[in-house]
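For what it's worth, this note's numbering labels the leading residue of the sequence shown as 87, then goes sequentially.
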Amino acid sequence: MKKLNQYGAGLYMALHYKEIRSEINFLLRKHNFAGALQAVINHLRSLIVLQSTDKICQHIHFLGMIYGRGNHYVKYILENLFVRSLGGLRRISSVNAWAVIEAQLPTPFLEVLKGQQIHNLLISK
Numbered sequence: 087m088k089k090l091n092q093y094g095a096g097l098y099m100a101l102h103y104k105e106i107r108s109e110i111n112f113l114l115r116k117h118n119f120a121g122a123l124q125a126v127i128n129h130l131r132s133l134i135v136l137q138s139t140d141k142i143c144q145h146i147h148f149l150g151m152i153y154g155r156g157n158h159y160v161k162y163i164l165e166n167l168f169v170r171s172l173g174g175l176r177r178i179s180s181v182n183a184w185a186v187i188e189a190q191l192p193t194p195f196l197e198v199l200k201g202q203q204i205h206n207l208l209i210s211k
């Protein structure tokens, strides 16, 4: 099966995230996949404020599917933008909401998150 490049992944994101579709399409026309992913992260932050935990989990599962089907660049950007943003999402969410979100994180994201946490601990020592 052919891997998704940043353009294909961006098109899937534009179809899935109806609320911010025009913003994603604008950024993709500028060849800015990282910007489109940042728009998704900002959208997730606004959903946390609205306490839409189920919707957040659906969106994160979708990003997990993109990660699984993505090429090396797509995976790299997701690891370095989305997975790193989870710490910020954790800080602004309630303890119960974060427990639900963390329990539903796709396995690849959990592995990357734990690896990043270990790396940060080693650097801070």
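In this text, a Cβ means the ideal position worked out from N, Cα and C, and glycines have one as well.
- Annotation for R155: L90 place their beta carbon closer than 6 Å to its own, counting only its chain and skipping 5 residues before and after.
- The beta carbons of I127 and S171 sit closer together than 8 Å.
- For P192, there is no enclosing alpha helix (DSSP H), since its DSSP letter is neither H nor E.
- By the 16-neighbour rule on beta-carbons within 10 angstroms, G150 is buried.
- Around the beta-carbon of Y93, fewer than 16 other beta-carbon atoms lie within 10 Å, marking it exposed.
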